[in-house]
Amino acid sequence: MSLFQLLNGLTFAALLFVVASGFTLIFGLLRIVNLAHGALYLFGGYIGYSIAVKTGSFVVGGIGAMAAIAAIGFVLDQGLLRFVRGNELRQVLLTLGVAFFLNDLALVIWGGDSFTVPIPEMLRGGTRVFGTFYPIYRLFVLGMGIFVFIGLWVLLNHTRLGALIRAGVDDAEMVEASGVNIRRVFLFTFLFGSALAGLGGLMGGAFLSLYPSADAEILTFSLAVVIIGGRGSLVGVGVGSLLVGLLNTLGQVMFPELAYFVIFGPMAVLLAFRPLGLFGRAT
Numbered sequence: 551m552s553l554f555q556l557l558n559g560l561t562f563a564a565l566l567f568v569v570a571s572g573f574t575l576i577f578g579l580l581r582i583v584n585l586a587h588g589a590l591y592l593f594g595g596y597i598g599y600s601i602a603v604k605t606g607s608f609v610v611g612g613i614g615a616m617a618a619i620a621a622i623g624f625v626l627d628q629g630l631l632r633f634v635r636g637n638e639l640r641q642v643l644l645t646l647g648v649a650f651f652l653n654d655l656a657l658v659i660w661g662g663d664s665f666t667v668p669i670p671e672m673l674r675g676g677t678r679v680f681g682t683f684y685p686i687y688r689l690f691v692l693g694m695g696i697f698v699f700i701g702l703w704v705l706l707n708h709t710r711l712g713a714l715i716r717a718g719v720d721d722a723e724m725v726e727a728s729g730v731n732i733r734r735v736f737l738f739t740f741l742f743g744s745a746l747a748g749l750g751g752l753m754g755g756a757f758l759s760l761y762p763s764a765d766a767e768i769l770t771f772s773l774a775v776v777i778i779g780g781r782g783s784l785v786g787v788g789v790g791s792l793l794v795g796l797l798n799t800l801g802q803v804m805f806p807e808l809a810y811f812v813i814f815g816p817m818a819v820l821l822a823f824r825p826l827g828l829f830g831r832a833t
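For our numbering, count along the sequence shown from 1 and bump the result up by 550.
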């Protein structure tokens, strides 16, 4: 690939990481199969777009998108998912229904047109990267992906909250017996994962656009990332995002008719030899 296409793959991988990291927090750590994650991405993008247009601030749009999707995540977790904990099939059906509801609600509010989140003035235009002229905003997305990875790594591995999350996943009853409200910790994790979907919706809406089927596409890619990297592994999500982002770009450029096969063909081969993914572990 040319340097331009390589950078395209890296920036798309960074966006996938932001979205898929939220998905793996919910699916990999909390063991909740949240198929509404793609709808949260799209709904967050729409909300962020509306706020950014009204206020003229990309940052305010991002904060609004994260807060709104975290609020929706609170209703989803406390109002619905609490009744089906431990039953993955019911979680799949319930979150799939929520995804359909959010998609229809988005159609009612924003219609079926395509929207693009306005980019701040300082992130418009391009710059030279190793002799290649490349959009500044896409480099910003790449930087955000790296920043989110470092932040999550520190949170999960070097803070008390991260230790409680990991301990609660392994033995929630023991953590509860030590006086910690593990349900509150899990609720925060769910809200944080949902907020990352909202942030990803705003970021992706600025260069991928927002349209009615974008949620299914991003959910498919997120599932591929988590399956390849391994459920519950932050490093796995990073490696999986890189592989999926680069393979998707390679497929669209060199094999446009087989773009999805370029991703899911190697994934099927990988799962035949490593069913838990590259960095997954048995629970």
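By construction, the Cβ of each residue, glycine as well, lies at the ideal position given by its N, Cα and C atoms. Keep in mind that this is a model prediction, so the values were computed, not measured.
- Task: Go to P685, then tell me how far its beta strand (DSSP E) extends in each direction, as first and last residue.
- Result: Looking at the DSSP string, the run of the beta strand (DSSP E) that includes P685 is 682-685.
- Task: Evaluate the contact criterion for the region 655-663 versus the region 769-786: three or more CB pairs, one atom per stretch, below 8 Å.
- Result: No: the two stretches stay apart, fewer than three of their Cβ pairs being nearer than 8 Å.
- Message: Tell me the residue span of the beta strand (DSSP E) that contains G676.
- Response: 676-679 is the span of the beta strand (DSSP E), which, as asked, contains G676.
- Cα separation between L575 and Y596? Going from the Cα of L575 to the Cα of Y596 covers about 23 Å.
- With DSSP as the reference, please indicate the residues paired to L760 in a beta bridge. Answer by DSSP bridge pairing, in chain order: F665.
- Item | Secondary structure of I659, DSSP reduced to three states | Here I659 sits in helix by DSSP.
- Proximity below 9 Å, CB of G750 to CB of G572: Yes.
- Report yes if the CB atom of A764 is closer than 9 Å to the CB atom of I619, and no otherwise. Against a cut-off of 9 Å, the Cβ pair of I619 and A764 comes out as no contact.
- For N558 versus T770, is the C-beta spacing smaller than 9 Å? Contact: no.
- Report buried or exposed for D627, applying the criterion of at least 16 other Cβ atoms within 10 angstroms of its Cβ. That one is buried.
- Task: Compare the beta carbon distance of G795 and T645 with 9 Å and say whether it is the shorter of the two.
- Result: In this structure, T645 does not lie closer than 9 Å to G795 by Cβ.
- Spatial distance of L643 from N637 (CA atoms): Rounded to whole angstroms, L643 to N637 spans 10 Å at the Cα level.
- Query: Quick one: is R688 buried, meaning 16 or more other Cβ sit within 10 Å of its Cβ, or exposed?
  - Reply: Its Cβ being crowded by 16 or more others within 10 Å, R688 is buried.
- Message: So, at 6 Å on beta carbons, what are the nonlocal neighbours of I669 in its own chain, with the 5 sequence-adjacent residues on each side left out?
- Response: Around I669, the same chain offers Y687, A756 as residues with beta carbons nearer than 6 Å, after the five sequence neighbours per side are excluded.
- So, helix, strand or coil for I613, using DSSP? DSSP places I613 in helix when its eight states are reduced to three.
- Query: Quick one: is N653 buried, meaning 16 or more other Cβ sit within 10 Å of its Cβ, or exposed?
  - Reply: Burial check for N653: the Cβ neighbour count within 10 Å reaches 16 or more, so the residue is buried.
- Taking C-alpha atoms, which residue in G647, A617, L760, L592 lies nearest to D663? Of G647, A617, L760, L592, the smallest CA-CA separation from D663 is found for L760.
- Item | Contact under 9 Å by Cβ, M694 with M753 | Contact: yes.
- Item | Sequence-distant residues of its chain with Cβ nearer than 8 Å to M817 (five each side left out) | Here M817 has A774, I777, I778 as same chain residues with Cβ atoms under 8 Å from its own Cβ, once five neighbours each way along the sequence are excluded.
- Message: Among L793, G598, A649, whose alpha-carbon lies nearest the alpha-carbon of L820?
- Response: For L820, the nearest C-alpha among the options comes from L793.
- Query: What is the residue span of the alpha helix (DSSP H) that R733 lies within?
  - Reply: Run containing R733: 732-755, per the alpha helix (DSSP H) assignment.
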